[in-house]
Each structure stands twice: as structure tokens, then as C-alpha cells.
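Accompanying notes for the structure given below.
Numbering (our numbering), first residue to last: 1103 to 1354.
Structure (C-alpha cells):
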């Protein structure tokens, strides 16, 4: 079932998806009136690329009063929640199932910080972009078909978000919505690495020592799996397997 009214749940939904969130003061009461029913997400780039891009989105430009989107996605993958109400971001255009020339009252806008030439997306930002869209679409009962680039919607020649293949983007978004074949986020990978390091010490970039411990001296000297003489020329895995086999025989 689609959500009707303002998305006052934006910050919570993004956090629940494992994303970093900054709530701009007063965001729940900011906007140009109230939403009708929510039908999708419209993806943009800021065309600035600086840490101050959010200010324009929140406060507007001389020719257009802010807020200009509900969310700003920083280059480090952090979402700034700018507004819960309607924002001026869609312009004129159309998309199946969305009102023609009137999407502002029906879709959430995400302005991702980028120069706008398609070359400066960071991996963590791209990952967060997909996860954020998926979290919102899941919350409003929509699928990735309603995750749309501004250039796909616009009849005014918009190009954003430049450099993103939206067909591939939507496939990944749908995978996150479905919870199928979704890769770990950068934050999840970091947490796992920190956990391993806390218990095992720093992980060396040189894996030769690890291979030697598992496969024997021959792995280093001759590149084979000769095993250890102390283990009857077995590798660690083979030696453990032999121990288990003998234990099973004793149990019988």
C-alpha cells in the first residue's frame, strides 16, 4: 500500500537500512506544502560537488526558493534529511504512473553531491544511493520501476544524474528491495574487518604466510601443497580431516 502524506519517517527508514544520516534542524516542518500519495524517487546530481551543496538544496537559489529536494546524498554516503514536505526538484516531465508536469507532490527527490560530469561518484556514495532508494521504495510499497533519473522524467533537457546507468541501477535497487543477492555495504565490510582485526590482529596484505601455515613449507618454496613434515606431510586441512576420521572410528 502506498504512503499518503509527508514522509516524516525518512530518517528512520534510512538508518534502518544501515545508512548514515544527518537530520537538518526543522526538516519535519520544511517544505512547500504537503504531499499527496507517494509514487517514487527521482534521482538528481547537484552539479556542484562541494561540501556546501546541501545549503543550496535547503535554502534555494535566487531564482528558486528552497527546499529543492528532500534529501542530499554526500560523497561519503551520508544522507542529509532536508525536508519532509514538497520540494521544487522535478520540473516538467512525465513517467508512467506519475502525474505529468506535477511530480513534486508525488515523488521524493534525492540530490547526490557531484560535479555533474559523471566521473566523480565514489563507491560508498553509489552504494548508499541504491540502498537509500530501495529503503524508501520498500516503505511506500513501490518497486524499482519507480526509481527514476531526472533526465528520464524531464521534458526540459535535464542530464542528471550523469554517468549512472539507470537500468543497472534499478536492477541493484530491486535486489535490495527483495533482499536477494544484495552485496554488503561498505559499512558492513568495515565492521567485519574491524571484528577480525580485534581478535586476530592486523591482516597482512602478503598472504604467503597464511598459505604456508595452511598448506606447508612447500607452498612457499615450490608452490605446491606438500604439507608439513610434523603432520606426516599433510596440510592443516588434511591433518584435521584425518583426526576427525580417527575420532569417528573410535566412537563406533
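Where is the CB? At the ideal position from N, CA and C, for every residue including glycine.
Beta-carbon proximity of residue i to residue j, cut-off 9 angstroms
{"i": "residue 1226", "j": "residue 1178", "result": "yes"}
{"i": "residue 1147", "j": "residue 1213", "result": "yes"}
{"i": "residue 1189", "j": "residue 1218", "result": "no"}
{"i": "residue 1261", "j": "residue 1180", "result": "no"}
{"i": "residue 1183", "j": "residue 1239", "result": "no"}
{"i": "residue 1234", "j": "residue 1173", "result": "yes"}
{"i": "residue 1130", "j": "residue 1186", "result": "yes"}
{"i": "residue 1197", "j": "residue 1269", "result": "no"}
Enclosing alpha helix (DSSP H) for residue i [first to last residue]
{"i": "residue 1235", "result": "1225 to 1241"}
{"i": "residue 1124", "result": "Residue 1124 -> not in any alpha helix (DSSP H); beta strand (DSSP E) instead, spanning 1123 to 1125."}
{"i": "residue 1116", "result": "1112 to 1118"}
{"i": "residue 1188", "result": "Careful: residue 1188 lies outside any alpha helix (DSSP H) and carries neither H nor E."}
{"i": "residue 1270", "result": "1268 to 1280"}
{"i": "residue 1160", "result": "1155 to 1161"}
Beta strand (DSSP E) segment containing residue i, residue limits
{"i": "residue 1254", "result": "Looking at the DSSP string, residue 1254 is not in any beta strand (DSSP E); the run it does join, the alpha helix (DSSP H), is 1252 to 1255."}
{"i": "residue 1183", "result": "1181 to 1183"}
Exposure label - residue i; buried when at least 16 CB within 10 Å
{"i": "residue 1266", "result": "buried"}
{"i": "residue 1343", "result": "exposed"}
{"i": "residue 1347", "result": "exposed"}
{"i": "residue 1109", "result": "buried"}
{"i": "residue 1133", "result": "buried"}
Cross-strand partners of residue i (DSSP beta bridge)
{"i": "residue 1146", "result": "1213"}
{"i": "residue 1249", "result": "1143"}
{"i": "residue 1176", "result": "Residue 1176 pairs with nothing; no bridge assigned."}
{"i": "residue 1106", "result": "1139"}
{"i": "residue 1167", "result": "1162"}
{"i": "residue 1330", "result": "1336"}
{"i": "residue 1195", "result": "1256"}
Sequence-distant residues of the same chain with beta carbon closer than 8 angstroms to residue i, five excluded per side
{"i": "residue 1118", "result": "1237"}
{"i": "residue 1208", "result": "1137, 1138, 1139, 1140, 1141, 1142, 1200, 1201"}
Residues of its chain near residue i, where Cβ-Cβ distance is below 7 angstroms and the 5 sequence neighbours each way are ignored
{"i": "residue 1276", "result": "1245, 1246"}
{"i": "residue 1107", "result": "1136, 1137"}
{"i": "residue 1151", "result": "1215, 1216, 1217, 1222"}
{"i": "residue 1333", "result": "1341"}
Cβ shell of residue i (< 6 angstroms), same chain only, five flanking positions each side left out
{"i": "residue 1241", "result": "1115"}
{"i": "residue 1156", "result": "1174, 1182"}
{"i": "residue 1257", "result": "1194, 1195"}
Residue i beta carbon near the ligand COA (any heavy atom closer than 8 angstroms)
{"i": "residue 1335", "result": "Here there are no bound small molecules, and the ligand COA is not part of this structure."}
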